[in-house]
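A.B. asks: Chains as they are written, first to last, in UniProt numbering: chain A, 1 to 203; chain B, 1 to 360.
This structure is in structure tokens; I'll ask about it shortly.
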Amino acid sequence: MSFITSYCHLTNKSCFVNGQLIAARDTDSQDSWLKQLYKEQEIVYPKFYKMDTLSQTGFILTELLKKANSNIINAYQDDEIALLFANRFSSVDSDVRFKRSYQEQASPSPALFVYTLPNIVLGELAIYNKWYGENMFAVLPKFAADFYINYVEILLSTGSGASLCGWLDIADEKIDAFLFFVEKEGKGNQFNIESLQKLAGLI
Amino acid sequence: MIYIGAEEIISPLGVTADQNFRAMVNNQSGISLVADAGLNKTPVHLSKITDLQFEHPFDSLLEKVLISLSEKIDSDIITSDRTILLISSTKGAIENIIGDQFGRSVAFIKERFSLRHQPVVISNACISGVLAINAGANFISAGLYDHAIVIGCDLVSDFVLYGFQSLFAISEKPCLPFDSERNGITLGEACSAVLVSNSPSVFREAPLRLLKGTSANDANHISGPSRTGEGLFRSVKKTMEINGISDQDIDFISAHGTATVYNDEMESIAFDRLSLTHVPLNSFKGYFGHTLGAAGVIETAVSIQMIRNDILLKSLGFQQKGTSVTLNIIEENKPSELKTILKTASGFGGGNASLIIQKL
């Protein structure tokens, strides 16, 4: 038996941690929504500004989970947290921008190209947090609770102590992101299909 | 026990694993100079399938390889409720579709072959193939499925070629993995498939044993290899330890060997830290170029063929030591009985993955 010990959601308007609204977008701000959230985090990581929306989203939500659940920082060895992420459209946002750079500007941008892989967000999380664990990024037609349930159980039974999971659907500037942290021990939401679907907002 | 076999390969060297392997034994490469292919119509060396005249080449390659694979296994495996299809790819049909670059292809294959479960696309840059094979074995070990079909496929596209050109990562000459003159990758396109199963009897030709593999991140840089080879070191160490395999047990390493200056150097450092520098090693990139998401699958398929044919294939393009650590790079094809082989991969996003295959 494992537990979802913390989770968070991000849409274009709001950000929730463990179901509680923690921030709402200031539509009058000059800053992008992700930049607004970044500024509230009290961290200084200039590399954030180089990241694409997919990586920025994964980064911000991971920081929020770390604040909500100190186990993510304290309870595990550097290779014990597995990263299991998925989405529907891979790195489409960066793909479109990169394609524009060579089709319209005749100058392919290497800074955009390096973000045209969906797993780059996992690399960004690993670099910032010094995590050397297992990584996997899958592309699925929709959020599939059973995919996470099945593969996290595999990861937790083969050496990983916990799993940071994410569904990062980002396309046409629409953000629908859900991150959750699964541990072998804990309390609250049991890690099963029903509770995962419920927390994801599907039922 | 988990088994692997029924390997198939579609590449510029042929449309079956057998054709590909015979071409490789004869030192043929799929790489050639393609006029106008590069940015500003410059000529570029590519390993390109020249007769790929389909409306949807990505879908057609998946279909073709699955038909070939189906002829090497029990006929009811593909449609079985106990089978999952894993597709390893970085960019799918990006040349045709920007956005949902996998959706149509996956739906087409699911429908075309009456697959019972939703296929899963594993998109982890250049480690996708090794990761997908490992994931297949994990699904089976956990009792979720009995069989996993793993297909690795990526095409050469303007998108990817221009991207690597913008990074100055494309070799002017055909790529030269581990050589002192190496100066970048050569892109390739290919589609390769294997079956992973808990049943040896479903394979028409005897399978091999697939041991549990692992992955590890470098936690270093999103597009640059680690200077210490940390992630590759950790992944291979874990894979060897959990399987009780020592450095003396490994007969051959199919390295990643992209032929960039930093990648190959990183690998040499990791293999040194693992006490594996004595093991015969090659990179298959000189034959197929770098096929990205297909690489882990096609290189595992060729490694299986090497075991079946008792031969070590040379590292095509290698002439002179080009890494700070001396590796035992295979310079000529030679007959050799191979029992245990290690396959590794490293890629953008800091990913590293490894697996071990043994002759039964």
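Positions of the beta carbon are idealized from the N, C-alpha and C atoms, including for glycine.
(1) Could you give the first and the last residue of the continuous beta strand (DSSP E) run that contains B:V130?
(2) How about B:N328 and B:P280: are their beta carbons less than 7 Å apart?
(3) Can you name the residues of chain A whose CB is closer than 7 Å to the CB of B:D100?
(4) Under 8 Å between beta-carbons, which chain B residues line up against A:M136? List them in chain order, please.
(5) Take B:R104 as the anchor and find which of B:L355, B:V261, B:S60, B:I140 has the nearest alpha-carbon.
(6) Once the 5 residues before and after A:K66 are set aside, which same chain residues still bring their CB inside 7 Å of it?
(7) Please confirm whether A:K130 has its beta-carbon closer than 7 Å to some beta-carbon of chain C.
(8) Roughly how many whole angstroms lie between the Cα atoms of B:S192 and A:S6?
(9) Three-state secondary structure (DSSP) at A:M136?
(10) In terms of residue numbering, what span does the alpha helix (DSSP H) encompassing A:T57 cover?
(11) What three-state label does DSSP hand B:E267 in the structure shown?
(12) At the level of alpha carbons, what is the spacing between B:I67 and A:D172?
(13) My understanding is that B:L232 touches B:A270, with C-beta atoms under 8 Å, so please give their C-beta distance in whole angstroms.
(14) Going by DSSP in three states, B:A294 sits in which element: helix, strand or coil?
(15) I'd like to know whether the C-beta of A:L164 is nearer than 7 Å to at least one C-beta of chain B.
(16) At 3 residues or longer, and completely inside the region 85-133 of chain A: list those beta strand (DSSP E) runs for me, N to C.
(17) Is B:Y287 close to chain A? Criterion is C-beta to C-beta, closer than 7 Å.
(18) Looking at B:D100: is its Cβ nearer than 7 Å to the Cβ of A:F178?
(19) Determine which residues of the region 40-56 of chain A have a Cβ less than 7 Å from any Cβ of chain B, and write them out in chain order.
(20) Along chain A, in chain order, which residues have C-beta atoms closer than 7 Å to that of B:Y262?
(21) So, does the CB of B:R209 fall closer than 7 Å to a CB anywhere in chain A?
(22) For B:L342, which residues from the same chain have a beta carbon less than 6 Å from its beta carbon, with the 5 sequence-adjacent residues on both sides left out?
(23) Compute the distance between the beta-carbons of B:V130 and B:P119, then report whether it is under 7 Å.
(24) Residues in its own chain within less than 6 Å of A:D169 by CB, not counting five upstream and five downstream?
(25) Counting only the same chain and skipping the five closest in sequence on each side, list residues whose C-beta sits under 7 Å from that of B:E299.
(26) Given a threshold of 16 other Cβ atoms within 10 Å of its Cβ, counted over all protein chains shown, does A:G201 qualify as buried or as exposed?
(27) Can you find a CB in chain B that lies within less than 7 Å of the CB of A:I81?
(28) Going by DSSP in three states, B:L195 sits in which element: helix, strand or coil?
(29) Starting from B:F168, follow the beta strand (DSSP E) in both directions and report where the run begins and ends.
(30) Looking at C-beta atoms only, is the number of pairs between the region 186-205 of chain B and the region 44-57 of chain B that lie closer than 8 Å three or more?
(31) Alpha carbon to alpha carbon, how far is B:N309 from B:I330? Give it in angstroms, no decimals.
(32) Quick check: what's the CA-CA separation for A:K35 versus A:T27?
C.D. replies: Inspection of the coordinates gives the following:
(1) Note, B:V130: premise wrong, no beta strand (DSSP E); alpha helix (DSSP H) at 128-141.
(2) Judged by their CB atoms, B:N328 and B:P280 are nearer to each other than the 7 Å cut-off.
(3) Under the 7 Å cutoff, chain A gives F89.
(4) Residues of chain B passing the Cβ test: I122, N124, L131, A135, S215.
(5) B:S60
(6) The residues I72, I73, in chain order, have a CB closer than 7 Å to that of A:K66 in the same chain once the five nearest residues on each side in sequence are set aside.
(7) The structure shown contains no chain C; its protein chains are A and B.
(8) 40 Å
(9) strand
(10) 53-68
(11) helix
(12) 36 Å
(13) 4 Å
(14) helix
(15) Taking 7 Å as the CB threshold, A:L164 stays off the interface with chain B.
(16) none
(17) no
(18) no
(19) none
(20) Under the 7 Å cutoff, chain A gives no residues; its nearest Cβ is about 14 Å from B:Y262.
(21) no
(22) I250, I253, I356
(23) no
(24) N87, R88, D176
(25) S254, F284, K343
(26) A:G201 sits exposed, since fewer than 16 C-beta atoms from the chains shown fall within 10 Å of its C-beta.
(27) no
(28) strand
(29) It is not in any beta strand (DSSP E) - B:F168 carries neither H nor E in the DSSP assignment.
(30) yes
(31) 16 Å
(32) 12 Å
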